[in-house]
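To start, the structure itself, in structure tokens.
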Amino acid sequence: MKKLFLILLVTSLPALALDYNISITLNPKEKKISGTETITWQNTTDTATDVLPLHLYMNGFSNNRSVFAMESGGKHRGNRMDVKEVKGFGYCKISALQLNGEDAMSAFHYISDLPNPESLGVFWKDEISKRIRPDRTIGIVRLSKPLAPGESITLKITFETKFPRVFARTGYWKSFFMGGQWFPKIAVFQGEKGWNCHLFHYRSEFFADFAHYTVALTVPKNYVVGATGYLKSETTAENTKTLTFAVDNVHDFAWTAWDHWKVATDNWKHVKLYLPYPPGHEGTVQRQMEALKAALSGYAELCGEDYPYKKFTLVDPPMQASGAGGMEYPMLVTGMFPSPLTPVGVRIPETVIVHEFGHNYFYGMLASNEFENAWMDEGMNSFGTAYAMERHYKYDLDFPFLKMDGFDEARIGYGSYKGPDFPGKAAWEFSPAGGGYSNLSYNKPTIYFRTLENMLGKEKFLQIFHTYFAKYKFRHPTPENFLGVVKETAGDQAEDFVRRMLYTRDKIDYAVTKAVSRQTPPFLGLKNFKAAPVDKKKTKDKKNFQNTIIVENRGDFQYPVSIEVRLKDGSTKSFTWDGKNGWHRFEFDSTSAMKMAIIDPKRVYACDVSLKNNAITLEPQTGSSMTKLAIFVSQLVQLVFNISSLSI
Ligand SMILES: [Zn+2]
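Structure (structure tokens):
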């Protein structure tokens, strides 16, 4: 009975203590939405609070002095913030606010207008800087009396959001709209630790509580809408229509509206799939749906459970609004399909679709804090992307002369990083130089998790992710929660490996530093102190070889490793080394010359930072110019991937 009670305690979902009821009207000409939002919030902690912080992300685009604009330099994934004219900017303005039905507008302040925001218990570590002054990405409601544990409060907000020209995942292009981070959203209260509410940073994403959402969206009659949640009703007026969506257990709500959308539909198990795409992209529908289904299957295998909602929308934004592409929201993501002419061997569009869908697991349901622990959503999800892509397609780049998968790309990216950071940092704590954020949040976890999979075997490895998902879905898991699961399912060494991956620069680098194969020379000198007869015809024994191999552990982990030797007659020999004492010498005789010595031939240690030193070949290789070409092309592709993977 007790055991059963404990199981129920662990697996039952927390009751939703948060409800959003939003009603907005889109004005396509003004590029604005306006309306009302009613938030009902319950204090489920055992600590009282006298403030309610609201995220107003759109104000990150309201001028070129916001924290987002200052940190990004007005650039995001190759797009520029449009600062030439006012209509390029965006904002979210609150014009009226009631608390439990009474006017409380005088209790509302933008963070930049408060004299001592540090005293509010809303921030984390040393985030506050002088730059906060013009930043309005947080609004604070001060309560006249503290809200005690268990108590609820209702905020009714009248607001207006002006979209920027598509930039950093949201905005408009002509009559197209991508509604991301468009409404005032309450922060996450963590009891004694205070409110977890960060400014809108360039290098970070979002964090919010699971809620029930009802969103009524009024648009011109000829508009087509895609949104988070399920369509509950549709009513029409003279020139407009109102679509009402509702859903439980999501922590954000996004939508798109355009009068040019075409929509393809399909099914995967219990899930209805929607694909709004621009005219001209008809030829991409099949590829996009295939990628989406590959993602649904791949993540179900990785996490042990099917995507649970009954609807999923993949938005394929028009090319001119590519800044809206490659972004995740619950039940709706945006892909990026640059052209129907993209060769089938270039699966970058598929990779983006798989990745963004995957965030519905690593962010959507496993709602870790994206501000503080980017590796928990981006790193685990980049591993999931490579896993699902390999499972369905084998390669991301698939040409006769070049085949690469997501693990190759991650290894090259991580191997190229020489900076001082490690993944276990808040997004804005990474040095802006040297590609640390993308290589450490995305690439390093990907290739280390592949290494862990190789070390543990697939079954044990999947047990980690299955347990993690079962235990923490629809919650806010922390790094220690995940490390705890690794330890309990795979043991101390696995936990130590993941912890050092996160919080140190420890690396794996095995090398073969010497490989010599010599024909055994004839015996010369004294035998029993008497000169031995010299056979002048037989200068060397052509049938016997003395071989020496020196291997080194240039990394920080001391794990056992295998060494494979290939001989000219086609035979092979294997050795194992415990990886300790820095280096080791292997000596053996053979009847055929050694051709090649390879350390870790099966690439168990996929995260080995240098594969160049993993083998020595004792005879000239053919096709070296082809190899150089392949390396050059792969580096070029990696560059493209690095650019496109920034914050996707
Ligand atoms: Zn991502």
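The opening position of the sequence shown corresponds to residue 1086 in this note's numbering, with each subsequent residue numbered one higher.
Idealized CB from N, CA, C, for every residue including glycine.
Shown here, Glu-1236 sits in coil according to DSSP, grouped into three states, outside any helix or strand. If you check the C-beta of Asn-1466 against ligand 1, you find a heavy atom less than 7 Å away.
Cα atoms of Ala-1617 and Leu-1609: separation of roughly 7 Å, rounded to the nearest angstrom. A straight line joining the alpha-carbon of Leu-1358 with that of Tyr-1472 spans about 22 Å.
Of the heavy atoms belonging to ligand 1, none sits nearer than 7 Å to the Cβ of His-1161. By the C-beta density criterion, Leu-1399 is buried, having at least 16 other C-beta atoms within 10 angstroms. Nearest Cα to Lys-1653 within the set Ser-1318, Lys-1680 and Gly-1640: Lys-1680.
Around the CB of Gly-1368, fewer than 16 other CB atoms lie within 10 Å, so the residue is classed as exposed. Using a 10 angstroms sphere on the CB of Tyr-1527, the tally of other CB atoms reaches 16 or more, which defines it as buried.
Short note on Glu-1463: C-beta closer than 7 Å to some heavy atom of ligand 1. No Cβ-Cβ contact shorter than 8 Å links Leu-1417 with Phe-1262.
Closer than 7 Å to some heavy atom of ligand 1: that describes the Cβ of His-1444.
Look at Phe-1252 here: in three-state DSSP terms it is strand. Residues Thr-1329 of the same chain have their beta carbon placed closer than 7 Å to that of Ser-1318, with the five preceding and five following residues left out of the count. The count of Cβ pairs closer than 8 Å, one atom from the region 1221-1231 and one from the region 1187-1196, reaches three, so the stretches are in contact.
Note: Leu-1568 is not bridge-paired with any residue in the DSSP secondary-structure output. Straight through space, the alpha carbons of Lys-1178 and Lys-1114 are spaced by roughly 18 Å.
Using a cutoff of 7 Å, the CB of His-1440 counts as near ligand 1, since one of the ligand's heavy atoms is closer than that.
Checking the DSSP bridge columns, you'll see Gly-1173 has no partner listed. Taking a C-beta distance under 8 Å as the contact criterion, Ala-1296 and Leu-1101 qualify as a contact pair.
Take the alpha-carbon of Ser-1523 and the one of Val-1335: they are about 26 Å apart. For His-1161, the beta-bridge partners assigned by DSSP are Asn-1164. Secondary-structure assignment with DSSP links Gly-1311 through a beta bridge to Thr-1341. For Val-1597, the uninterrupted beta strand (DSSP E) segment begins and ends at 1595-1605.
The way I'd put it, the region 1681-1695 does touch the region 1627-1647; three or more beta-carbon pairs between them come closer than 8 Å. Rounded to the nearest angstrom, the gap between the Cα atoms of Val-1583 and Ala-1495 is 17 Å. For Tyr-1384, the enclosing alpha helix (DSSP H) begins and ends at 1370-1388. C-alpha of Lys-1160 to C-alpha of Leu-1482: approximately 28 Å in a straight line. In the three-state reduction of the DSSP assignment, Ala-1293 falls in the coil class, being assigned neither a helical nor a strand state.
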